[in-house]
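First the structure, in the form of structure tokens, and then the observations on it.
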DNA sequence: CCGGAATGATGATTTGGGTTAGTGTCCCTT
DNA sequence: AAGGGACACTAACCCAAATCATCATTCCGG
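Protein chains in written order, with full-length UniProt numbering: chain A, 1 to 246; chain B, 1 to 246.
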């Protein structure tokens, strides 16, 4: 019945893909059929996969936040992307053998693993889904380009503003924003690592955003106070998210 | 005969894909069959495609350098990737409608355009090629992650060192390096825009690299004087290029 | 063949953000 | 209940890189 469908771990993914193209009930059923194995859980600060590994399964994040990151031999670390509920951690397992980056849990996470054959089966049945999944990958790539622009050219304030707007749109797409408020369950340190800033300066920048009346942030709840102004500060253009349908 | 095959505009591409997986003569023929239309030429500093456009063809760069870039309303510009001979400018035309970035010629370029149907035909015949092309896209994405790490965490010197090593490997893969020397046909301004640095500081960093005996650069020829040292400075790990075969 | 961009190179000065070194407050864990 | 982490926050100081300004050369279009 509908209730079990809505509770399915694939629900956020279905919502997300629906932003790209029209999917029907059969697509939805096919997606939820991916969830055969048990839900796995990991604590914050643990790695889901390490650079150099060769994972054999595709992982779908059900709840919690994770990230892709790369680190340097001397310990410097850069978060190169966030995984939100409904995101796949490394669809590229199909093509590349070795991971060139690590995947870490930023909060407690729940996810399940999909065997390649199982994945293949679903994909063969539903050409629409391949297209939507490829789309999702392309958007991920577009987000990376946007981050490159941010870190290369935007100031600390602009960068953070941009990230918050991006997260707002992405979380809204999977039903995790209520009005202009959403849970931001990660630490200032994580935000710093994602933006190429020091934790100290990130904190200063957050204070500034609060002072300017752009956001409110406490108890892991981020409230966008003035979206229009925030987008202006960030020079935000949503085209790179390629949400064709609303 | 063989001579015409080697002269084909698809030759660099074939070389490149061969670094990922074994391709046979039939694959080579199929690739060169893509080149039906005329070779198009553009001058340096002209745009191949602009953000917001919806190109209907895939472009294969035959000679010269191009780049993906994104710009902000106030004129700041970030180069988010280089296209070298043998690279496709936007394979994602298949999936996404609107370009979320621009593509510009950094030097005079020669390329040809491939119609989707034509592309589809070749791909249908040669499953190996789809795989190799997807691989290439995944590597492009890995390069973006690496750039994010560079700009976010590496110092100006480290960044530039890393870029030079990367370019060396990529150019070598398409046969455009002779020993440790290759042509670097772009300006210091372009290098600055790719590295998120001001032109002035980029110039100073170049001077430093010369002083340290890492490189020699004049008349658009870059010679890596001490590759081992350069890789050490850059903390370079080639895994992200995923060259499985040498 | 001339004039004006592009390009590369440097000096002087400023600044955004890093570093270091704390503080206090919640948690956990045992 | 005590001890140790994580985490948010702040102050003082420092530095890598930006900015501003200038000049010499090369390149290129009319």
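Backbone N, C-alpha and C fix where the C-beta goes; we use that ideal spot for every residue, glycine too. None of these values were measured; they are calculated from a predicted model.
- Close to chain B, meaning a Cβ-Cβ distance shorter than 7 Å, are the following residues of the region 85-106 of chain A: 92, 95, 96, 98, 100, 101.
- When Cβ pairs closer than 8 Å are counted between the two stretches, the region 238-246 of chain B is seen to touch the region 19-28 of chain B, the count reaching three or more.
- Taken in chain order, the complete alpha helix (DSSP H) segments of 4 residues or longer contained in the region 121-193 of chain A are 127-153, 156-173.
- Between residue 99 of chain A and residue 53 of chain A the beta-carbon gap is near 5 Å, inside 8 Å, which marks them as a contact.
- Cβ proximity to chain B below 9 Å picks out 131, 134, 135, 137, 138, 139, 140, 141, 142 from the region 124-142 of chain A.
- Around the beta-carbon of residue 200 of chain A, fewer than 16 other beta-carbon atoms lie within 10 Å, marking it exposed.
- Within chain A, no C-beta atom comes less than 9 Å from the C-beta of residue 165 of chain B; the nearest is roughly 14 Å away.
- Judged by DSSP in its simplified three-state form, residue 200 of chain A adopts helix.
- In this structure, the CA atom of residue 141 of chain B is about 25 Å from the CA atom of residue 30 of chain B.
- Taken in chain order, the members of the UniProt domain "HTH crp-type" (154-228) of chain B whose beta-carbon sits within less than 7 Å of a beta-carbon on chain A are 196.
- Spanning the alpha carbons of residue 112 of chain A and residue 39 of chain A requires a straight line of approximately 5 Å.
- DSSP, reduced to helix, strand and coil, places residue 46 of chain A outside both helices and strands of the structure shown, so it counts as coil.
- For residue 66 of chain B, the enclosing beta strand (DSSP E) begins and ends at 66-71.
- Note on geometry: alpha-carbon atoms of residue 161 of chain B and residue 234 of chain B lie some 5 Å from one another.
- In the three-state reduction of the DSSP assignment, residue 58 of chain A falls in the strand class.
- Under the three-state reduction of DSSP output, residue 16 of chain B falls in the helix class.
- Using a C-beta cut-off of 8 Å, the region 41-60 of chain B makes contact with the region 104-123 of chain B, since at least three inter-stretch Cβ pairs fall below that distance.
- Counting only the Cα atoms, residue 17 of chain A lies some 6 Å from residue 132 of chain A.
- Taking a Cβ-Cβ cut-off of 7 Å, the neighbours of residue 235 of chain B in chain A comprise 72, 73, given in sequence order.
- The residue among A:10, A:119, A:240, A:41 with its C-alpha nearest the C-alpha of residue 165 of chain A is A:240.
- Under DSSP, residue 105 of chain A takes part in a beta bridge, and its partners are A:66.
- Within 10 angstroms of the beta-carbon of residue 10 of chain A lie 16 or more other beta-carbons, which makes it buried.
- In its chain, beyond the 5 residues on either side, 164, 168, 180, 215, 230 have a beta carbon closer than 7 Å to the beta carbon of residue 224 of chain B.
- The beta-carbon of residue 76 of chain B is placed less than 9 Å from the nearest beta-carbon of chain A.
- Burial check for residue 86 of chain B: the Cβ neighbour count within 10 Å reaches 16 or more, so the residue is buried.
- At a Cβ-Cβ threshold of 9 Å, residue 13 of chain B and residue 66 of chain B do not count as neighbours.
- Here the alpha carbons of residue 182 of chain B and residue 104 of chain B stand approximately 21 Å from one another.
- The DSSP-derived three-state label of residue 225 of chain A is coil.
- At a cut-off of 9 Å between C-beta atoms, residue 57 of chain B does not count as an interface residue with respect to chain A.
- For residue 27 of chain A, the number of other beta carbons within 10 angstroms of its own is at least 16, and it is reported as buried.
- Within the region 23-54 of chain A, contact with chain B at the beta-carbon level (separation under 8 Å) is assigned to 51, 52.
- Residue 156 of chain B and residue 187 of chain B do not touch by the CB rule: their CB atoms are close to 17 Å apart, not below 8 Å.
- Contact of residue 80 of chain A with chain B is assigned, a C-beta pair being separated by under 9 Å.
- Taking a C-beta distance under 9 Å as the contact criterion, residue 34 of chain B and residue 122 of chain B qualify as a contact pair.
- For residue 68 of chain A, the nearest CB of chain B lies under 9 Å from its own CB, placing it at the interface with that chain.
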